[in-house]
Amino acid sequence: MSNKKIQRLNGKNTKQNKAGMVFGLTLAFWIIAILDMVFVAHDNIFLIIIVSIGIWAVGLTIAKPGQIAVSFQENGFWKTLLGQGSSQSRLGQRRRR
């Protein structure tokens, strides 16, 4: 029997922080939806508010806020949102020679 999912201690971590991308896509979708509801469909303000809350609720759920809060604490707010922060410590990023 072979274990196909081998995890090595010094392997490269391919899982990256996608919080900034999720927030950016949520913002873009929200803006498009607002423009459509206001200028094309001429919807009621109550419906616009409800749909806006729904879009942001789904976006925050996809972004996994608990993991984002940990990343904010480790890497800082702007580095996490801009995608420059990683989940590894600074010591683990040194290269061996």
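Terminal number for the sequence shown in the working numbering: 99, no gaps in between. Each residue gets a CB set at the ideal place from its N, CA and C atoms; glycine is no exception.
Mapping DSSP to helix, strand and coil, what is residue i?
i: residue 71; result: helix
i: residue 38; result: helix
i: residue 65; result: helix
i: residue 21; result: helix
i: residue 30; result: helix
i: residue 43; result: coil
So, for residue i: in the same chain, excluding its five sequence neighbours on each side, which residues have a beta-carbon less than 8 Å away from its beta-carbon?
i: residue 40; result: 50
i: residue 55; result: none
Assuming residue i is part of the alpha helix (DSSP H), what are its boundary residues?
i: residue 81; result: 79 to 83
Does the beta-carbon of residue i have 16 or more other beta-carbons within 10 angstroms, so that it is buried, or is it exposed?
i: residue 70; result: buried
Report all residues from its chain with a CB closer than 6 Å to the CB of residue i; omit the five preceding and five following residues, and keep chain order.
i: residue 28; result: 61
i: residue 32; result: 57
i: residue 84; result: 22
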